[in-house]
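Participant:
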Amino acid sequence: MSDKTNRVLFLSLLTFCGLAGTHATGKENAPDVQESRLWLQYQAEGNPRLKESAEDLRSIYVPSSSSPILKNAVSELSEAGTRMLGHAITSDGAAQNGTVVLGTLAELKRYLPKESINRVASLNDEGYLIKSLTAAGKRITVITSRTDRGVLYGVFHFIRLMQTGESLRSLDLAEQPAVHLRMLNHWDNPDGSVERGYAGRSLWKWGELPEKTDPRYREYARFCASIGINGVVLNNVNADPVMMRSDYIEKTAALADIFRQWGIRTYLTPNFASPMVLSKNLNTADPMNRDVQAWWADKTDEIYQRIPDFGGFLIKADSEGQPGPKSYDRSHVEGANMLAEALEPHGGIVLWRAFVYGKSEDRAKDAYNEFRKFDGCFNDNVFLQIKNGPLDFQPREPFTPLFGAMPKTSIALELQITKEYLGHSTSSAYLAPMWEELLQTDTYAKGKGSTIARIVDGSLDRHALSCIAGVANIGDDANWCGSIFNQANWYAFGRLAWNPDLSAAAIADEWIRMTFCSDVETCTTIRKMMMGSYEACVDYTMPIGLNFLCNTGSHFKPDPAKRKAYHGADASGLGINRSKNGSDYSGQYAPELQAVFNDMDRIPLKYLLWFHHVPWDHTLSSGRTLLDELEYRYDRGVSYVDTMIMEWIGLKDNVDAEIHASVLEQLKKEQAWARTWNTTCMDYFSGVADTEK
Ligand code: GCW
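So this is what it looks like as structure tokens:
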């Protein structure tokens, strides 16, 4: 049948088939205040294009609405359209201009032009096509994918176009995620506390589950799906064995049932010693012990009976006191592969964290020394999950040398969205510039162009699976993240996990338009504030490659006097010599990078004190001495915050009053905090430098 006939047939179908599109929000009593709607504000203000868009979204048609994910896609599109376009999204079945057709390729294949079918077939199963078609004189838009999850992502993209003032006309765009597993790691404890959490208590009300499910669970899944997140690890990597208990598996299943309807798979962090803690007959957790292996196989079977699409296990083992295979003289490989074998029959994966330290004189060297030798030893369903930096989520670190050093291992990048070392919810640091800098860094693993992004998306070493994980910044605060600007980091994480080549600026532009729904000038001012906020935070806390100047415990206050092991300040200078004539940590990088890192005068200033112990009066490439450069940067960071406050005050009439007030309050806290960091650190360093004279 010709394409034309198909489309006529297709359109005639529209006139007879009932339309899906019942608009069930299911959000009976989630708090519906502006700050709780995050980037899905769905407001018409400040969006001149909506008048035209009203012609491009008038009704929704789904050939078969059996899939809960598709039902959510329809409900979402209907809600967005109704709120933003000023008219209800009809469902009377009349074929008209502005009908949006949703469905998988299998459902829509008969009606699509051949080239569209081929385009969708060439995408991965979460990829989608958004295409404007004209059929029998009617302008319609088709959003399709190989899976219903892909259709959902396509719908959120279509809505994002509306929210950001883009045209909905003559669309012909196809996208697919570069990274397969885009995952949040919640360091949430069963007692409701959140480790390194600054947004209230845990969302997961374990005491009420499974009987009672908070409406915010659905909201949470909706926000995650809107930015393409397709996996969540519910509990802390300092794992409580209770999470493997049968009653907690029931509780987890109740959450998984909700997340599944938004295309999200659920994972857990089991404590490696669970077998001996939970079983009366076991006094070991040795991964080579047959009874232990049988325990994990049974436990995994039990989980999959309740959660058929369970994702797998994230593991922190032999790290910071957590139990692991080492207690039984077994290796990380034996520990990880034992769990992998239990999960393999169900299609589950193991994410084994490489966050280990304490063995060598230079902590930064430990992960590479511990894991490099295991390249190619892990089972196919094991990821090594590696933090972006070798120490521990410092404001800035060079990338962990393991990236690019284990081509035969699936690598998961672990980023921290919560700001443990970057000011909790006090700083406004927008982290996408930090992540963009990391992702675009060249490891030279296979020559030029071996960027972290290419390693993490699996393309450099041709891995079928890939993963980016982010330690969540989410809690039960009304604004979810502890501050408005922290919301941008959840958003940016999802967008970068979907496409690691996106720019921080483009992501900021999207988020600002979707959150503040304001005029272009206001959005431009907010974007300018955001784009420099991370660098300013580095400046006023730990510039020029300094790290760990914070207090132990909260990691929030400056305490350089107690952190000499990390900054090395003495009469002769400042910084740690990790170059070849120091700890030779630099030797863990590719030769092209060693040449730069070993040369005190070639190395970028942002890494200088990470790799070198520099005399206070050494003249840097900036023309200033080290001590003067420190003062220059600490002051630059504080004045950036001063400027942000002035710019924000200037927006008073352009932003919702409550939002304006809460952000102003946060910025003033940041200003005080930045000044404290500046004076504490500069007083300390100047004092030490003076002893030199
Ligand atoms: O960043 C450090 C934190 C710990 C965290 C640990 C880890 C969950 O201080 O709170 O524990 O790293 O990443 O396991």
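In case it helps, this note's numbering puts the sequence shown at residues -13 to 679.
The C-beta atom is built at its ideal place from N, Cα and C for all residues, glycine as well.
None of these values were measured; they are calculated from a predicted model.
(1) Grab me the residues of residue 85's own chain with a C-beta within less than 6 Å of its C-beta, minus the 5 sequence neighbours each way, in chain order.
(2) Closest by CA to residue 155, which one among 43, 312, 300, 322?
(3) Which class does residue 266 belong to by DSSP, given the choice of helix, strand or coil?
(4) Let's see if you can read the secondary structure: which residues bound the alpha helix (DSSP H) around residue 654?
(5) Compute the minimum distance between the beta carbon of residue 341 and the heavy atoms of ligand 1, and state whether it is under 6 Å.
(6) Please name the residue in 206, 242, 350, 301 whose C-alpha comes closest to that of residue 222.
(7) Take residue 598 as the anchor and find which of 563, 621, 618, 572 has the nearest alpha-carbon.
(8) Helix or strand or just coil, what does DSSP make of residue 572?
(9) Taking the beta carbon of residue 159 as the centre, do at least 16 other beta carbons fall within 10 Å, making it buried, or is it exposed?
(10) Under three-state DSSP, which class holds residue 299?
(11) Using the beta-carbon count (16 or more within 10 Å), is residue 73 buried or exposed?
(12) Checking the sheet assignment: what are the DSSP bridge partners for residue 221?
(13) Looking at residue 214 and residue 146, is the spacing between their C-beta atoms short of 7 Å?
(14) Determine the extent of the alpha helix (DSSP H) in which residue 473 is found, giving its start and end residues.
(15) Report yes or no: do three or more beta-carbon pairs, one from the segment 481 to 495 and one from the segment 619 to 628, lie closer than 8 Å?
(16) If we call anything under 7 Å between Cβ atoms a contact, is residue 406 one with residue 515?
(17) Indicate, with yes or no, if ligand 1 has a heavy atom lying under 6 Å from the CB of residue 182.
(18) Rounded to the nearest angstrom, what separates residue 568 and residue 596 at their Cα positions?
(19) Whole angstroms is fine: what's the gap from residue 664's alpha carbon to residue 545's?
(20) Report the rounded CA-to-CA distance for residue 479 versus residue 518, giving the unit in angstroms.
(21) For residue -13, which residues from the same chain have a beta carbon less than 6 Å from its beta carbon, with the 5 sequence-adjacent residues on both sides left out?
(22) Taking just the CA atoms, how far does residue 183 sit from residue 677?
(23) In the DSSP assignment, find the beta strand (DSSP E) that holds residue 251 and state where it starts and stops.
(24) Write down the C-beta distance between residue 414 and residue 197 rounded to the nearest angstrom, noting that I regard them as a contact closer than 8 Å.
(25) Please name the residue in 521, 561, 258, 651 whose C-alpha comes closest to that of residue 625.
(26) Between residue 241 and residue 268, which are expected to be in contact by the criterion C-beta below 8 Å, what is the C-beta distance as a whole number of angstroms?
(27) Identify the residues that DSSP records as bridge partners of residue 583: which are they?
(28) Closest to residue 641 by CA distance: which of 499, 579, 614 is it?
(29) Indicate, with yes or no, if ligand 3 has a heavy atom lying under 6 Å from the CB of residue 219.
(30) When DSSP labels each residue in this structure, what does residue 89 get in the three-state scheme?
(31) Please tell me whether residue 528 and residue 381 are closer than 7 Å, where the distance is taken between their beta carbons.
(32) Given that a residue counts as buried once 16 or more other Cβ atoms are within 10 Å of its Cβ, and exposed if not, what is residue 7?
(33) Give the straight-line distance between the Cα atoms of residue 556 and residue 628, rounded to the nearest whole angstrom.
(34) Return the first residue and the last residue of the beta strand (DSSP E) that residue 466 is part of.
(35) For the structure I just gave you, are there three or more beta carbon pairs, one from the segment 411 to 425 and one from the segment 350 to 357, closer than 8 Å?
(36) Can you list, in chain order, the residues of its chain whose CB lies under 7 Å from that of residue 582, leaving out five sequence neighbours each side?
Facilitator: Let me lay it out:
(1) Around residue 85: 45, 47, 126.
(2) Nearest option by C-alpha distance: 43.
(3) Three-state result, residue 266: coil.
(4) Segment 643 to 677, the alpha helix (DSSP H) holding residue 654.
(5) Indeed, a heavy atom of ligand 1 lies less than 6 Å from the Cβ.
(6) Nearest C-alpha to residue 222: 301.
(7) The shortest Cα separation from residue 598 among 563, 621, 618, 572 belongs to 563.
(8) Residue state, collapsed to three classes: helix.
(9) Exposed.
(10) Of the three classes helix, strand and coil, the one that applies to residue 299 here is strand, per DSSP.
(11) By the Cβ-count criterion, residue 73 is exposed, with fewer than 16 other Cβ atoms from all chains shown falling within 10 Å of its own Cβ.
(12) According to DSSP, which records beta bridges pairwise, residue 221 is partnered with nothing at all.
(13) No, these two residues do not count as a Cβ contact at 7 Å.
(14) Secondary structure note for residue 473: its alpha helix (DSSP H) is the uninterrupted segment 470 to 484.
(15) No contact exists between the segment 481 to 495 and the segment 619 to 628.
(16) Not in contact: residue 406 and residue 515 (Cβ atoms no closer than 7 Å).
(17) Taking non-hydrogen atoms of ligand 1 into account, the C-beta of residue 182 is found less than 6 Å away from one of them.
(18) Linking residue 568 to residue 596 through their CA atoms gives a straight-line distance of about 11 Å.
(19) The straight-line gap from Cα to Cα measures roughly 11 Å.
(20) When rounded, the distance between both Cα atoms is 18 Å.
(21) Model confidence at residue -13 stands at a pLDDT of 40, short of 50, so the residue's coordinates are unreliable; what they give is reported in the following sentence. Cβ neighbours of residue -13 beyond the five flanking positions: none.
(22) Taking the straight line from one Cα to the other gives about 40 Å.
(23) Here the beta strand (DSSP E) through residue 251 covers 251 to 254.
(24) So it is not a contact: roughly 40 Å between Cβ atoms.
(25) Checked all of 521, 561, 258, 651; the closest Cα to residue 625 is 521.
(26) The distance from the Cβ of residue 241 to that of residue 268 is about 28 Å, inconsistent with a contact at the 8 Å cut-off.
(27) Residue 583 is not bridged to any residue.
(28) That would be 499, whose Cα lies nearest to the Cα of residue 641.
(29) Absent from the structure shown: ligand 3. Ligands present: ligand 1.
(30) Residue state, collapsed to three classes: strand.
(31) Yes, the Cβ-Cβ distance between residue 528 and residue 381 is below 7 Å.
(32) Only weak support is given to the placement of residue 7: the predicted model assigns it a pLDDT of 35, under 50, and the question is left unresolved by the model.
(33) C-alpha separation (whole angstroms): 32 Å.
(34) In the DSSP assignment, residue 466 falls outside any beta strand (DSSP E) and carries neither an H nor an E.
(35) No: fewer than three Cβ pairs fall under 8 Å.
(36) Here the set comprises 588, 589.
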